[in-house]
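Taking UniProt numbering, I'd label the letters of the sequence shown as residues 1 to 303.
Accompanying notes for the structure given below.
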Amino acid sequence: MSRNTLLSRMVYDWRLPFMLSILAVSLLLASQVGSLKPRSAIDPLDIIGEFSTLLIVLVGLVLIVTQRLDGIVTRLFFWGGCVLTFSLSLDLLDEFFSYPESLRLMSWLESLPQPFGLLILGFGAKEWVKEQHQVRRQLGVREKHLRAHEWVDPLTTLYTLPYFEKVLERELALHKHNRQHVVMASINLQAFARYNEEMGMQAGDLLLNKVSELTALYLRPGDCLCRYHSDQFLILLPATDFPEALSLIRLLADMLREQLALPHYMAIKTRVRRVNEVSPKHAMKQLLQQPEAIISDASRAHH
1 MSRNTLLSRM VYDWRLPFML SILAVSLLLA SQVGSLKPRS AIDPLDIIGE
51 FSTLLIVLVG LVLIVTQRLD GIVTRLFFWG GCVLTFSLSL DLLDEFFSYP
101 ESLRLMSWLE SLPQPFGLLI LGFGAKEWVK EQHQVRRQLG VREKHLRAHE
151 WVDPLTTLYT LPYFEKVLER ELALHKHNRQ HVVMASINLQ AFARYNEEMG
201 MQAGDLLLNK VSELTALYLR PGDCLCRYHS DQFLILLPAT DFPEALSLIR
251 LLADMLREQL ALPHYMAIKT RVRRVNEVSP KHAMKQLLQQ PEAIISDASR
301 AHH
């Protein structure tokens, strides 16, 4: 992630200030309820151990917030980490403050949240395993028919146009024989060149990789995805009727818009078309010649 992108996340993402507020609330609570211990009663080894544990959790939270896209896995890891942060920060402050023996609240706040935080992290780990299984499935489908290196885009590892044409040719032959529906679609990032200029080439490459990963995760195992141009992707949806394909592409575009948090000047445009041609090149030409539709207007544009 580029420095500009990371700085933008730190400024505009509410989760980082929220983590700091947990530490501030813990310190305020300990200072109001307890009193500082004399220096002789402080054990440096306990402080080192508890501080290092808290630091590891905080570093993990920062990495989750700045590196992972939003989703169920990210949210579970984040909230589980926040619960642990509150508990571990009170545990660390316990080395500096002493509390009245009659007050059990601080002892409960130190110990009770930890199993709940670990339980939330456990659910997050379970969802992460499911996510990785889906990624491996998509990669397996992508690599199943791989025969030549020129069929893979080096940046996104998606298929390139020559491979896409081969798959489209096969599906058109099946369509002619079995009379199955074949639908093609395109996803285009509007104003991507401006994004590259303002954010830098590294941020642009990262954005393309995120679009590739999210789209590959969203599509079905039998669908084919390729990178056509720097900011444009082609999708082949075999054995899919037009209304189903249109709905799928609209949902995909909406999901990309929500997950990518694009600047205001960028938009995701789509094309969806039922393939009636016999020639793959003619079919792609017809698709790319039809007007694009911004995601919010996709349903009206194609009806």
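Glycine residues also receive a C-beta, built at the ideal position from the N, C-alpha and C atoms.
Query raised in the report: Taking one C-beta from the segment 161-168 and one from the segment 206-213 each time, how about it: are there three or more such pairs within less than 8 Å?
Result: no
Report task. Using alpha carbons as the reference points, say which of S52, L189, L20 lies closest to R257. Result -> Here residue 257 refers to the residue found at position 257 when the sequence shown is read from its first residue. The shortest C-alpha separation from R257 is found at L189.
Query raised in the report: Per DSSP, what kind of secondary structure is R147 in: helix, strand or coil?
Result: On the sequence shown, residue 147 is found 147 positions in, with the first residue counted as 1. Any reading at R147 must be qualified, since the residue scores a pLDDT of 47, below 50, and its modelled position is unreliable; the value itself is stated next. The answer is coil: DSSP assigns R147 none of H, G, I, E or B.
Query raised in the report: Nearest-angstrom Cα distance between L29 and T157?
Result: Residue numbering aside, residue 29 sits at position 29 when the sequence shown is read from its first letter. Residue numbering aside, residue 157 sits at position 157 when the sequence shown is read from its first letter. Their Cα atoms are separated by approximately 51 Å.
Query - Stretch-stretch touch, CB-based, cutoff 8 Å, three pairs: the segment 101-112 with the segment 35-42 - result: no
Query raised in the report: Which whole-angstrom value is the C-beta distance of L252 and Y228, which I expect to be below 8 Å?
Result: As a first step, residue 252 is located in the sequence shown; it is residue number 252 there, counting from the start. As a first step, residue 228 is located in the sequence shown; it is residue number 228 there, counting from the start. About 16 Å; that fails the 8 Å criterion.
**Report entry** DSSP state of residue 315 mapped onto helix, strand, coil
**Finding:** No information on residue 315 is available, as it lies outside the stretch 1 to 303 that the chain covers here.
Query raised in the report: Which of helix, strand or coil does DSSP assign to R68?
Result: Taking the first residue of the sequence shown as position 1, residue 68 is located at position 68. Correct three-state label for R68: coil.
Query - Reduced DSSP category for T270 - H, G, I as helix; E, B as strand; rest coil - result: The residue labelled residue 270 in the question sits at position 270 within the sequence shown. T270 falls in the strand class under three-state DSSP.
Query - Reference E131, options H282, L69, Q232, closest by Cα - result: Reading the sequence shown from its first residue, position 131 is the one you call residue 131. Here the closest residue by C-alpha is L69.
Query raised in the report: Any idea what DSSP makes of V83, helix, strand or coil?
Result: Here residue 83 corresponds to residue number 83 of the sequence shown, with the count starting at 1. Helix, per DSSP.
Query raised in the report: In whole angstroms, what is the alpha-carbon distance linking P162 and L112?
Result: Within the sequence shown, numbered from 1, the residue matching residue 162 stands at position 162. Within the sequence shown, numbered from 1, the residue matching residue 112 stands at position 112. Near 58 Å, if we compare the C-alpha coordinates of L112 and P162.
Query raised in the report: Taking DSSP as the reference, what is the three-state secondary structure of N196?
Result: Residue mapping note: residue 196 aligns to position 196 of the sequence shown, counting from 1. Correct three-state label for N196: helix.
Query - Sequence-distant residues of its chain with Cβ nearer than 6 Å to R147 (five each side left out) - result: Locating residue 147 in the sequence shown gives position 147, where the first residue counts as 1. With a pLDDT of 47 at R147, under the threshold of 50, the modelled position of that residue is not reliable, and the figure given next carries that caveat. Excluding residues within five positions, none has a Cβ falling inside 6 Å.
**Report entry** Complete alpha helix (DSSP H) runs within the segment 77-137 (minimum length 4 residues, chain order)
**Finding:** 105-111
Requested in this report: Please list, in chain order, all residues of the same chain as A245 whose beta carbon is under 7 Å from its beta carbon, the five residues on each side excluded.
Outcome: Your numbering for residue 245 matches position 245 in the sequence shown. Within the same chain, A245 has close Cβ partners V183, A185, L237, V272.
Query raised in the report: Is it the case that the Cβ atoms of V83 and F116 are separated by a distance below 9 Å?
Result: As a position in the sequence shown, residue 83 is number 83, starting the count at 1. As a position in the sequence shown, residue 116 is number 116, starting the count at 1. In contact: V83 and F116 (Cβ atoms closer than 9 Å).
Report task. Would you list the one or two residues that DSSP bridges to M201? Result -> Taking the sequence shown and counting its residues from 1, the one referred to as residue 201 is at position 201. DSSP lists no partner for M201.
Query raised in the report: If you run the structure through DSSP and keep just helix, strand and coil, what is L287?
Result: Your numbering for residue 287 matches position 287 in the sequence shown. If DSSP states are grouped into helix, strand and coil, L287 belongs with the helices.
Requested in this report: Just the C-alpha distance for G204 and V278, rounded to the nearest angstrom, thanks.
Outcome: On the sequence shown, position 204 is the one that residue 204 refers to. On the sequence shown, position 278 is the one that residue 278 refers to. Taking the straight line from one Cα to the other gives about 36 Å.
Report task. Over the uninterrupted alpha helix (DSSP H) stretch that includes L251, give me the two end residues. Result -> Stepping through the sequence shown from its first residue, residue 251 is reached at position 251. Start and end: 242-260.
Query raised in the report: Got a sec? Which residues, its chain only, sit under 8 Å from L155 by beta carbon, not counting five neighbours each side?
Result: For this step, residue 155 is matched to residue 155 along the sequence shown. D205, L208, N209, R227, listed in sequence order.
Query - Three-state class that DSSP yields for L219 in the structure shown - result: For the purposes of this step, residue 219 is identified with residue 219 of the sequence shown, where counting begins at 1. Three-state result, L219: coil.
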